[in-house]
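Reviewing the structure listed below.
Residue numbers (my numbering): 424 to 588.
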């Protein structure tokens, strides 16, 4: 089975629906989120967190670098490294300690933390596609491959085209 999938997300609801599918993946998982400014990385995280029961706002942690969430007995870390000056700054956040255990880690702009981050299980890229977005998911580990398969077998009534090529 291929370790890459591509989905067409026609609107914000489609981006959030893909996030909700990712929320169904159990266990520890590191997801690198790639894409231009405004491509929908935080929107996807919002969909994921709402699917796990978060009812509040989901701000982009651009200035704080890190937002932790504990939902339905699941610990999630949302990082936005856009303004990271040096990857060593991640040590001051205690990232390694925060990642101990069964943690879902979502990292926007991971290339800015190169050398200080754990390897990704799943690489997700969002690109502009007309008025919508195209999402490309690439499994970088066995856990990532299992995540892709769960996303594929989730409820098919959501707002995006999973057969895009």
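Just so you know, even glycine gets a beta-carbon here, dropped at the ideal spot from N, CA and C.
- Taking one beta carbon from each stretch, the stretch 560 to 580 and the stretch 473 to 487 have fewer than 3 pairs nearer than 8 angstroms; the two do not touch.
- In the assembly as shown, residue 540 is a buried residue. Its beta-carbon has 16 or more other beta-carbons within 10 Å.
- Counting only runs of 3 or more residues that sit fully inside the stretch 474 to 548, the beta strand (DSSP E) segments are 489 to 494, 497 to 503, 526 to 531, in chain order.
- Shown here, residue 563 sits in coil according to DSSP, grouped into three states, outside any helix or strand.
- Inter-residue distance for residue 564 and residue 544 is about 5 angstroms (C-alpha atoms, whole angstroms).
- Cβ-Cβ distances below 8 angstroms link residue 463 to 432, 435, 438, 549, 556 in the same chain, with the five nearest sequence neighbours on each side left out; the list follows chain order.
- In the three-state scheme derived from DSSP, where H, G and I count as helix and E and B as strand, residue 451 is classed as coil.
- A distance below 8 angstroms separates the beta carbons of residue 528 and residue 500.
- At the C-beta level, residue 513 and residue 454 stay beyond 8 angstroms of one another.
- Under a 10 Å Cβ-count criterion, residue 506 is classified as exposed, with fewer than 16 other Cβ atoms of the shown protein chains found around its own Cβ.
- For residue 432, the uninterrupted beta strand (DSSP E) segment begins and ends at 427 to 432.
- Residue 443 and residue 466 have their C-alpha atoms some 11 angstroms from each other.
- Annotation: residue 428 to residue 457 spans about 15 angstroms, alpha carbon to alpha carbon.
- In the displayed model, residue 550 falls within a strand according to three-state DSSP.
- In the same chain as residue 484, and ignoring 5 residues on each side of it, the C-beta atoms closer than 7 angstroms to its own belong to 490, 501, 502, 503, in chain order.
- Secondary structure of residue 557 (DSSP, three-state): strand.
- Nearest to residue 492 by alpha-carbon distance, out of 510, 511, 508, 521, is 521.
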